[in-house]
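Numbering (my numbering), first residue to last: 3 to 332.
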């Protein structure tokens with residue numbers, strides 16, 4: 003495994019991030035524990051989750067599965083850089099009770115204690131805001147965070163799904179307060195098929211020293227060889243990938259992508275991950291394996307070297323917006 007610093011911090015993290023969203027809803031506890039053991043054995047030390055994972059009446063279940071894994075001992079907790087998130091409505095039956103979601107100081111305090119209990123740990127390495135809260139000022143948010151840092155409950159703070167201007171706003175207010183480290187990472191939707199983050203989010207993250215953690219690196223399976231699987235194995239696409247392939251132009255684009263990688267003898271899913279590892283500002287993509295086999299495929303991407311010819315071909319099929327602000331200024 004290869005490692006890098008998380009943004010401007012001294013924290014060393016693996017170039018792949020283990021996403022746990024499937025733990026509970028699609029992968030049972032025993033298999034989830036086996037995947038986490040395999041990830042740790044392979045050198046992945048950055049694990050990502052969220053308080054809402056488990057979904058519906060099972061919100062919080064994913065954190066509980068991770069907590070039970072930590073409780074097995076074997077230095078599991080000490081070896082893991084643990085990231086979880088706050089923002090979502092944790093009510094199982096729909097509407098949240100007032101102050102039981104978003105980023106008020108009241109909810110942040112309540113949510114972090116609940117996550118610590120489910121995770122069976124006394125601290126969270128990277129506590130992430132799952133979404134922007136348009137009604138809570140950052141002065142209040144940072145005051146709440148400062149208390150948690152002083153209490154030793156959290157060490158670093160990250161964002162997720164933030165636009166570039168909110169990254170700037172959050173860190174400028176943190177700097178004015180003094181003594182607050184501010185955001186050190188941003189999780190955003192970023193992959194070959196979805197490169198809008200290059201317009202504002204990634205430039206802002208680089209300017210303020212945030213590590214970029216792309217989520218959905220295979221774009222819902224669309225970049226994982228979906229057409230090849232459909233033809234060879236009769237596995238029809240589902241969800242976001244199926245919706246995308248219904249568009250003839252997108253289907254032709256994905257076919258060109260798979261043909262290019264077949265020509266170079268590279269697996270599509272591994273190439274999509276390896277491409278992200280070449281992008282400026284990217285710490286590491288989140289991989290969310292449902293099985294041990296999917297984890298093995300993701301691990302191969304870390305060692306995969308993409309040739310200049312292949313990188314050029316990928317840019318031709320999936321052209322990015324270009325440098326900011328030129329991409330939208332002229």
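Glycine included, every Cβ here is placed at the ideal spot set by N, Cα and C.
Per the DSSP secondary-structure output, residue 117 pairs with nothing in a beta bridge.
DSSP, reduced to helix, strand and coil, places residue 261 within a helical segment of the structure shown. Separation of residue 123 and residue 168 (C-alpha to C-alpha, rounded to the nearest whole angstrom) is 30 Å.
Residue pairing from DSSP places residue 21 in a beta bridge opposite 50. In this structure, residue 270 places its C-beta atom within 8 Å of the C-beta atom of residue 227. Cβ atoms of residue 160 and residue 134 stay farther apart than 8 Å, at about 13 Å.
Beta-bridge analysis with DSSP links residue 14 to 7. Of 27, 14, 44 and 13, the smallest CA-CA separation from residue 299 is found for 44.
The shortest C-alpha to C-alpha distance from residue 166 to any of 140, 137, 210 and 206 is the one to 206.
Looking at the DSSP output, residue 174 bridges to nothing.
Here residue 29 is bridged, per DSSP, to 25. According to the DSSP assignment, residue 140 belongs to no beta strand (DSSP E) but to the alpha helix (DSSP H) extending over 140 to 152. Taking a C-beta distance under 8 Å as the contact criterion, residue 239 and residue 132 do not qualify as a contact pair. With respect to the 8 Å criterion, residue 94 and residue 58 are classified as neighbours on the basis of their beta carbons. Under the DSSP assignment, residue 126 falls outside any alpha helix (DSSP H), being part of the beta strand (DSSP E) whose first and last residues are 126 to 131. If only complete runs of 3 or more residues are kept, the segment 192 to 280 shows the beta strand (DSSP E) at 213 to 217, in order along the chain. Rounded to the nearest angstrom, the Cβ distance from residue 138 to residue 162 is 16 Å, too far for a contact under 8 Å.
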